[in-house]
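The structure appears below as structure tokens.
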Amino acid sequence: MTQYVMHGLLRSADQGRPAEEGRCVLHLDMDAYFASVEQRDVPLYRNRPLIVCHTSSDFCSHGVVATASYEARPWGIKAGMSVWEARSRCPHACFVHADIPKYLDNARRILRICERRSHRVEVFSIDEAFMDLTASLQSHPPGGERWEAAREVGRGLKEDIRRELGLTASVGIGPNKLVTKMASEFQKPDGLTLVTPAQLPDILAPMAVDKLVGVGRRMRRNFRAMGIETIGDLARTPREVMEWKFGVIGRLLWRAAWGQDDSPVVRSGQSHEVKSFGHSLSLRGGTGDLEYLENTLLGLVDAVTRRMRRDGYLGRTVSLRLRVGYSMGYARARTLEEYTDLSSPLYAAARELLRREASSGLWKEPITTVGVSVSQLRRRGEGKQMTIWDCLDPRQEKLTAALDALRDRYGEGVVTRASLLGDFALSGMNLAR
Ligand SMILES: [Mg+2]
0 MTQYVMHGLL RSADQGRPAE EGRCVLHLDM DAYFASVEQR DVPLYRNRPL IVCHTSSDFC
60 SHGVVATASY EARPWGIKAG MSVWEARSRC PHACFVHADI PKYLDNARRI LRICERRSHR
120 VEVFSIDEAF MDLTASLQSH PPGGERWEAA REVGRGLKED IRRELGLTAS VGIGPNKLVT
180 KMASEFQKPD GLTLVTPAQL PDILAPMAVD KLVGVGRRMR RNFRAMGIET IGDLARTPRE
240 VMEWKFGVIG RLLWRAAWGQ DDSPVVRSGQ SHEVKSFGHS LSLRGGTGDL EYLENTLLGL
300 VDAVTRRMRR DGYLGRTVSL RLRVGYSMGY ARARTLEEYT DLSSPLYAAA RELLRREASS
360 GLWKEPITTV GVSVSQLRRR GEGKQMTIWD CLDPRQEKLT AALDALRDRY GEGVVTRASL
420 LGDFALSGMN LAR
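In numbering that gives the first Met the number 0, the protein residues as written are 0 to 432.
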């Protein structure tokens with residue numbers, strides 16, 4: 000009964016803007032991507048627990064898990080977990096270093112395969128992409144026939160990826176990015192899930208609320224305190240209550256609970272949206288002199304903010320990147336309350352990060368590179384409209400920091416505008432944003 004009432008409610012509500020008529024979006028998510036690439040290339044790794052790590056140690060003893068193969072997952076190994084914990088849970092697994100250039104190369108080929116089927120492909124992370132199929136399926140009338148055609152596209156896409164790259168992917172198809180992203184999770188691995196607008200209420204309502212894009216641990220706690228356990232519970236909560244309690248995010252999550260998301264599929268490489276501003280400096284011979292490092296940092300922050308002001312950007316997150324000796328590189332980040340393009344608040348935050356690192360005892364060797372970047376940008380004077388994708392789970396941050404450290408290791412040159420490895424915004428979530 001409750002279920003019925005809830006669904007009735009969901010169906011009758013038409014409080015958001017109506018979705019673009021006949022819009023058809025596809026989300027592609029590679030299955031255990033890094034691990035699958037390794038298992039494809041190295042027969043020894045097949046059919047056994049394989050854990051791909053972001054680590055600077057030769058023996059994969061520190062760092063974080065990047066991807067665990069499906070064989071390792073019964074042991075509860077997840078991306079973002081420390082390698083140490085993964086080792087204690089699954090000591091018999093194979094541990095290997097992540098080979099980011101190789102995964103990027105495969106990702107580029109996957110992108111090319113996607114682009115054969117749609118001109119609007121958005122790279123969302125190293126192993127995920129959105130495709131807007133609306134234009135390419137224009138010849139099919141909206142409704143059942145178009146959805147079937149979309150399913151065919153999904154099938155063909157998976158087949159091409161399997162044949163040409165020997166990898167499996169899961170595909171979600173639906174009326175917007177939000178729904179497809181959730182749909183691709185439904186039948187992992189090697190899944191193909193179509194969710195039409197008509198099926199949406201029945202599918203969403205009973206799902207746990209933390210399955211919703213943007214609901215992280217903290218939000219889940221808040222919801223639990225309000226008695227919201229499922230997406231249906233959230234949808235039934237008056238929108239005003241959500242807005243009053245959580246502001247813009249509350250409204251976005253409420254709309255998401257109704258399966259509404261207007262955010263466009265933005266073709267990668269087309270939006271020349273800058274993701275971050277950064278500068279770094281190599282220190283010949285290295286130094287452990289904190290005062291010297293602080294002065295260098297100030298100079299870098301100054302240079303970065305000067306460019307931000309020139310290009311009309313404000314930013315909120317400042318990241319400090321350090322290379323210790325000639326091997327270990329890592330990054331630390333802090334997010335400010337307010338957007339700014341001024342040196343002083345950004346420098347203060349970066350310096351605090353630096354001082355904390357200096358006292359951490361991690362520096363066994365002199366610092367050879369110091370870098371700073373500012374991300375989470377918005378254009379001055381432009382209140383960028385927030386979307387549900389702006390409130391993704393911070394759990395991913397750990398992984399991004401590790402990826403950033405890797406980028407440091409491969410070196411982006413002395414002065415970089417971090418365009419994040421060509422097409423591939425590894426941040427994906429704009430975590431690094
Ligand atoms: Mg994946």
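Even for Gly, the Cβ is constructed at its ideal location relative to N, Cα and C. Quick caveat: nothing in here was measured; it's all calculated off a predicted structure.
(request) Closer than 7 Å by C-beta to A424: which residues in its own chain qualify, once you throw out the five before and the five after it? Chain order, please. (result) Any reading at A424 must be qualified, since the residue scores a pLDDT of 31, below 50, and its modelled position is unreliable; no value is offered.
(message) Between which two residues does the beta strand (DSSP E) holding V63 run?
(response) 63-67
(message) Taking the beta carbon of H91 as the centre, do at least 16 other beta carbons fall within 10 Å, making it buried, or is it exposed?
(response) exposed
(request) Would you kindly work out how many angstroms separate the C-alpha atoms of V208 and C89, rounded to a whole number? (result) Using only the alpha carbons, I get a separation of about 30 Å.
(request) Ignore the nearest five residues each way along the sequence and tell me which others in G155's own chain have a CB closer than 8 Å to its CB. (result) R116
(message) DSSP three-state label for I109, please.
(response) helix
(request) Look at the alpha carbon of R250 and the alpha carbon of E242, and state the distance between them as a whole number of angstroms. (result) 5 Å
(request) Could you work out which residue in V36, C52, H53 is closest to R45 when comparing CA atoms only? (result) Nearest to R45 by alpha-carbon distance, out of V36, C52, H53, is V36.
(message) I'd like the list of long-range same chain contacts for S372, defined as Cβ closer than 6 Å, with 5 residues on each side in sequence excluded.
(response) S275, G277, S318, A417
(request) Report buried or exposed for D131, applying the criterion of at least 16 other Cβ atoms within 10 angstroms of its Cβ. (result) buried
(request) Starting from M29, trace the beta strand (DSSP E) both ways and give me its first and last residue. (result) 24-29
(request) Excluding the 5 residues preceding and the 5 following Y338 in the sequence, name in chain order all residues of the same chain whose CB lies nearer than 7 Å to its CB. (result) Taken in chain order, the residues that qualify are L313, G314, R315, R377.
(message) Three Cβ pairs or more, each shorter than 8 Å: is that satisfied between the segment 324-335 and the segment 293-307?
(response) no
(message) Can you determine whether any heavy atom of ligand 1 sits closer than 7 Å to the C-beta of M130, and answer yes or no?
(response) Not so, every heavy atom of ligand 1 lies at least 7 Å from the Cβ.
(message) Rounded to the nearest angstrom, what separates C23 and T133 at their Cα positions?
(response) 5 Å
(request) May I ask you to check if the CB of Y32 is nearer than 7 Å to at least one heavy atom of ligand 1? (result) yes
(message) Taking 7 Å as the cut-off, is the C-beta of M29 nearer than that to any heavy atom in ligand 1?
(response) yes
(request) Label Q186 either buried or exposed according to how many other C-beta atoms from any shown protein chain fall within 10 Å of its C-beta, with 16 as the threshold for buried. (result) exposed
(message) Taking the alpha helix (DSSP H) that A357 belongs to, which residues open and close that run?
(response) Here the alpha helix (DSSP H) through A357 covers 342-357.
(message) Pull the bridge partners of R378 from the DSSP assignment, please.
(response) Y312
(request) With a threshold of 16 other CB atoms inside 10 Å of the CB of N221, please say whether the residue is buried or exposed. (result) Counting Cβ neighbours within 10 Å, N221 comes out exposed, since fewer than 16 surround it.
(message) Determine, for R378, whether the minimum Cβ-Cβ distance to residues of chain C falls below 8 Å.
(response) Absence of chain C from the displayed structure is noted, only one protein chain being present.
(message) Measuring straight from C-alpha to C-alpha, what distance separates I76 and D40?
(response) 22 Å
(request) Would you identify the three-state DSSP class for M209, choosing helix, strand or coil? (result) In the sequence under discussion, the amino acid at residue 209 is Asp, which differs from the Met named in the question. D209 falls in the helix class under three-state DSSP.
(request) Report the three-state DSSP secondary structure of V33 (helix, strand or coil). (result) The residue you asked about is not Val; residue 33 is Phe in the sequence shown. In this structure, F33 counts as helix in the three-state DSSP scheme.
(request) Answer yes if the segment 256-265 comes into contact with the segment 169-178, meaning at least three C-beta pairs across the two stretches below 8 Å, and no otherwise. (result) Touching, per the Cβ criterion.
(message) If the criterion is Cβ atoms closer than 8 Å, does the pair F33 and T66 meet it?
(response) yes
(request) Report the three-state DSSP secondary structure of R202 (helix, strand or coil). (result) Here residue 202 turns out to be Ile, not Arg, going by the sequence shown. DSSP places I202 in helix when its eight states are reduced to three.
(request) Pick out whichever of F58, L110, M327, E158 has its Cα sitting closest to the Cα of L191. (result) E158
(request) Locate the alpha helix (DSSP H) running through E163, then write down its first and last residues. (result) Per DSSP, the continuous alpha helix (DSSP H) segment holding E163 begins and ends at 143-164.
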